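Chains as they are written, first to last, in our numbering: chain E, 28 to 279; chain Z, 331 to 576.
Read through the structure below, which is laid out as structure tokens, and then see the notes.
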Amino acid sequence: MAIEIDLKGKVAVVTGAGRGIGKAIAIALAEAGADVVLAARTAAQLEKTAEAIRSKGCRGLPVPTDVTRKEAVDRLMSTAIDQLGCLHILVNNAAIMAPAALMQQTEEDWDKVMAVNLKAYFLCTQAAGHYMIEQKYGKIINMASTGGVIAGPKNASYHSSKAAIIHFTRSVAIEWIKYNINVNAVGPGVVDTELVDQFIQKGSRDSMLKGVPIKRLADPAEIANLVVFLASDLAGYIVGEHVIIDGGLTIP
Amino acid sequence: MRLKDKVAIVTGAARGIGEAMILRFVEEGAKVTLCDVDEQALKEVRSKVNAMNGQCFLAVGDISQKAFVESMVEDTVKTLGDLDAMVNNAAITRDAILHKMTEEQWDKVIEVNLKGSFNCLQAAAIYMRQQGKGTIINVSSTSRFGNPGQLNYATSKAGVVGMTRTAAKELCRKNVTCNCISPGTIWTDMLKVVPPEAQERLKTGIPLGRFGDPKEVANLAVFLASDEATYITGQTINCDGGSFMI
Chain E
28 MAIEIDLKGK VAVVTGAGRG IGKAIAIALA EAGADVVLAA RTAAQLEKTA
78 EAIRSKGCRG LPVPTDVTRK EAVDRLMSTA IDQLGCLHIL VNNAAIMAPA
128 ALMQQTEEDW DKVMAVNLKA YFLCTQAAGH YMIEQKYGKI INMASTGGVI
178 AGPKNASYHS SKAAIIHFTR SVAIEWIKYN INVNAVGPGV VDTELVDQFI
228 QKGSRDSMLK GVPIKRLADP AEIANLVVFL ASDLAGYIVG EHVIIDGGLT
278 IP
Chain Z
331 MRLKDKVAIV TGAARGIGEA MILRFVEEGA KVTLCDVDEQ ALKEVRSKVN
381 AMNGQCFLAV GDISQKAFVE SMVEDTVKTL GDLDAMVNNA AITRDAILHK
431 MTEEQWDKVI EVNLKGSFNC LQAAAIYMRQ QGKGTIINVS STSRFGNPGQ
481 LNYATSKAGV VGMTRTAAKE LCRKNVTCNC ISPGTIWTDM LKVVPPEAQE
531 RLKTGIPLGR FGDPKEVANL AVFLASDEAT YITGQTINCD GGSFMI
């Protein structure tokens, strides 16, 4: 009677699946029954995620990929098709940060952030689009960030890339809904991942929580829940949205 | 079942989106209070709930009356054991263009859509704060972005968004979340009375190329009411086939 989220028979590609939010998304998709292709630069971490997915009884296929390179991305998608037969869900998640005061930001860092956080989304979306448009079915979830909505100091590259993703999402959504492809974005607030540990000095964790009304960081699994919902047919009428999940951090 | 043993109140439950929410909530294992002014139609929804072996409580009354809302919350807790989700869905329209809108049309819409939602929000929040858990789901509308002929309705629906954000900020510390669903053009009785040629015109503004099914809005409510959505608060989510990506 109940309609649980059922992604059995679906194939998903998740970028940045080696750790943090991407890993949680990949595992949550598998818990809902999907087979998952895992992309990231580091093979060793991917294999761990793949093992977790196989333990759920689903297929987990690690494909080490530099998502900023077109030929690597094309190979990622064709590997998904060759090995798992189809491609229904794409989660663009891989992202990096290079925080710096603007006057100290190097051109190289700026370019790197834009390559991973923006161009890779374009490349992956386009490469997946070849298959999704043909089969007239697809769910694309772009991981954006509350940083794309509210600004903060010393991180202009990251914030700009995330704001761009929100509008990229809307643009592609408008273009592709006629092919039955839903494109949406998810905007996490501060999530308990290594990335956060990396950039928060010891002791400042508490001060960071002051700005979060719910008084805790998000568990990556909570972000994954929202992605799974948007990847399901339950969310078919949701198109081009940026759904924020931040414990109240940015309530406008 | 994603709402197993949860208790929810849905206002405006006699038809349309509210009815769809009730049926989806029951499918997912929730116990529900059906609230509406239309007793006859409400009883028909109750028959459907009974046929699904669902447990429900009927609250017939007007949400703009504070006393009724307070007793509805109290009776729900007494009869169904708790209150986990309050869904403020009831709303009315009294359409007219601005220079012809009567004072009564304005007052009536604000009274039900805004004050009614406030009454329910407040009564539910008082209980949920004590429990240290719960979620409130308000229903706005994409009319909030401006819709000619609906000055009263659009204003009330924009108001609901402000209510959502403020309540979310206030209730966070008590582990109570508050979010808002903003449906686009959904195939309900409100829409069925629109002339066919006007319906076609409406459809051209929807990238998805079709009206929404009440069930598609109800799916989002199920997700927001479930334990999967506990980090989402203060948000307004459009469910509109791409009409407004903002």
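Virtual Cβ for every residue (Gly too), placed ideally from N, Cα, C.
All of these numbers come straight from a predicted model, not from anything done at the bench.
Per DSSP, the bridge partner or partners of residue i
{"i": "C569 (chain Z)", "result": "Z:P513"}
{"i": "K166 (chain E)", "result": "E:I116, E:N209"}
{"i": "T76 (chain E)", "result": "DSSP lists no partner for T76 (chain E)."}
{"i": "Q480 (chain Z)", "result": "Z:A426"}
{"i": "G214 (chain E)", "result": "E:I271"}
{"i": "A248 (chain E)", "result": "None; A248 (chain E) has no bridge partner."}
{"i": "L388 (chain Z)", "result": "Z:L364"}
{"i": "T280 (chain E)", "result": "Past the boundaries of the shown model lies residue 280 (chain E); chain E is included only from 28 to 279, so the question cannot be answered."}
{"i": "N182 (chain E)", "result": "E:A127"}
{"i": "T507 (chain Z)", "result": "Z:T465"}
{"i": "V417 (chain Z)", "result": "Z:V340, Z:I467"}
{"i": "G542 (chain Z)", "result": "Z:I516"}
Proximal residues to residue i (C-beta, below 6 Å), its chain only, five neighbours per side dropped
{"i": "I536 (chain Z)", "result": "G571, S573"}
{"i": "G49 (chain E)", "result": "V41, G43, N120"}
{"i": "M382 (chain Z)", "result": "V356"}
{"i": "I54 (chain E)", "result": "A79"}
{"i": "A415 (chain Z)", "result": "A338, T465, A555"}
{"i": "A29 (chain E)", "result": "Because the pLDDT of A29 (chain E) is 38, which lies under 50, any placement of that residue in the model is unreliable, and the number read from its coordinates should be weighed accordingly. Hits under 6 Å: none found."}
{"i": "K336 (chain Z)", "result": "A360, D414"}
{"i": "A262 (chain E)", "result": "F256"}
{"i": "L538 (chain Z)", "result": "G571, G572"}
{"i": "A251 (chain E)", "result": "A51, I52, A55"}
{"i": "I427 (chain Z)", "result": "G479"}
Continuous alpha helix (DSSP H) stretch holding residue i: start and end
{"i": "T341 (chain Z)", "result": "T341 (chain Z) -> not in any alpha helix (DSSP H); beta strand (DSSP E) instead, spanning 337-341."}
{"i": "A57 (chain E)", "result": "47-58"}
{"i": "C450 (chain Z)", "result": "447-461"}
{"i": "S299 (chain E)", "result": "Here chain E comprises residues numbered 28 to 279, so residue 299 (chain E) is not present and cannot be evaluated."}
{"i": "A397 (chain Z)", "result": "396-410"}
{"i": "T220 (chain E)", "result": "Run containing T220 (chain E): none; DSSP gives neither H nor E here."}
{"i": "A580 (chain Z)", "result": "The question about residue 580 (chain Z) has no answer, for chain Z in this structure spans 331 to 576."}
{"i": "T534 (chain Z)", "result": "526-534"}
{"i": "V100 (chain E)", "result": "97-111"}
Residue interval of the beta strand (DSSP E) (run including residue i)
{"i": "T465 (chain Z)", "result": "464-469"}
{"i": "G174 (chain E)", "result": "First-last for G174 (chain E): undefined, no H or E at that position."}
{"i": "G348 (chain Z)", "result": "No beta strand (DSSP E) contains G348 (chain Z), which is instead part of the alpha helix (DSSP H) from 346-357."}
{"i": "L88 (chain E)", "result": "87-91"}
Same chain only: Cβ atoms within 8 Å of residue i, ignoring 5 sequence neighbours per side
{"i": "I278 (chain E)", "result": "P240"}
{"i": "L364 (chain Z)", "result": "V340, A343, A344, I352, L372, V375, R376, V379, C386, F387, L388, A389"}
{"i": "S473 (chain Z)", "result": "Q480, Y483, A484, K487"}
{"i": "N207 (chain E)", "result": "K163, Y164, G165"}
{"i": "K83 (chain E)", "result": "I54, A57, E58"}
Cβ shell of residue i (< 7 Å), same chain only, five flanking positions each side left out
{"i": "G45 (chain E)", "result": "A67, T69, Q72, L73, T76"}
{"i": "S259 (chain E)", "result": "I32, L34"}
{"i": "I108 (chain E)", "result": "L114, Y158"}
{"i": "G476 (chain Z)", "result": "A484"}
{"i": "A142 (chain E)", "result": "T95"}
{"i": "L150 (chain E)", "result": "V94, K97, V100"}
{"i": "K396 (chain Z)", "result": "N449"}
Contact with chain A by residue i, beta-carbon distance below 8 Å
{"i": "G464 (chain Z)", "result": "No chain A is part of this structure, whose protein chains are labelled E and Z."}
Worksheet item: At a Cβ cut of 8 Å, what residues of the region 516-549 of chain Z count as close to chain E, listed as they run along the chain?
Response: P537, L538, G539, G542, D543, E546, V547, N549
Worksheet entry | Contacting positions in the region 558-569 of chain Z - beta carbon closer than 8 Å to chain E | E558, A559, T560, Y561, I562, T563, G564, Q565, I567, N568, C569
Discussion item. Tell me whether the region 506-519 of chain Z and the region 534-548 of chain Z touch, counting them as touching only if at least three CB pairs, one residue from each stretch, are closer than 8 Å.
Written reply: yes
Worksheet item: How about the region 476-494 of chain Z and the region 232-247 of chain E: do they share at least three Cβ pairs that are nearer than 8 Å?
Response: no
Item to complete: Say whether the region 438-447 of chain Z touches the region 486-497 of chain Z, bearing in mind that this needs 3 or more beta-carbon pairs closer than 8 Å, one atom from each stretch.
Response: yes
Worksheet item: Between the region 217-248 of chain E and chain Z, which residues of the former have a C-beta closer than 8 Å to a C-beta of the latter?
Response: P240, I241, K242, A245, D246
Discussion item. Using 8 Å as the cut-off, can you tell me whether the region 51-67 of chain E makes contact with the region 123-134 of chain E, which would need three or more C-beta pairs spanning the two stretches below that distance?
Written reply: no
Discussion item. Does the contact criterion of 3 or more C-beta pairs under 8 Å hold for the region 445-460 of chain Z versus the region 551-562 of chain Z?
Written reply: no
Fill in: Where the region 345-360 of chain Z meets chain E: residues whose CB sits under 7 Å from a CB there
E357, E358, G359
Worksheet item: Does the region 183-191 of chain E come close enough to the region 132-143 of chain E that 3 or more CB-CB pairs lie under 8 Å?
Response: yes
Discussion item. Short of 8 Å Cβ to Cβ, which residues in the region 369-394 of chain Z face chain E?
Written reply: M382
Worksheet entry | Selection of the region 38-55 of chain E by Cβ proximity to chain Z, strictly under 8 Å | none
Worksheet item: Taking one C-beta from the region 197-216 of chain E and one from the region 254-272 of chain E each time, how about it: are there three or more such pairs within less than 8 Å?
Response: yes
Item to complete: Please list the residues of the region 486-504 of chain Z that have a C-beta atom closer than 8 Å to any C-beta atom in chain E, keeping them in chain order.
Response: R495, A498, K499, C502, R503
Discussion item. Which residues of the region 169-186 of chain E have a Cβ closer than 8 Å to any Cβ of chain Z? Give them in chain order.
Written reply: none
Worksheet entry | Positions along the region 256-268 of chain E whose CB lies within less than 8 Å of some CB in chain Z | F256, L261, A262, G263, Y264, I265, V266, G267, E268
Worksheet item: Pairing CB atoms from the region 245-258 of chain E with CB atoms from the region 166-173 of chain E, are three or more of them under 8 Å?
Response: yes
Fill in: Interface residues of the region 82-103 of chain E facing chain Z [CB-CB below 9 Å]
none
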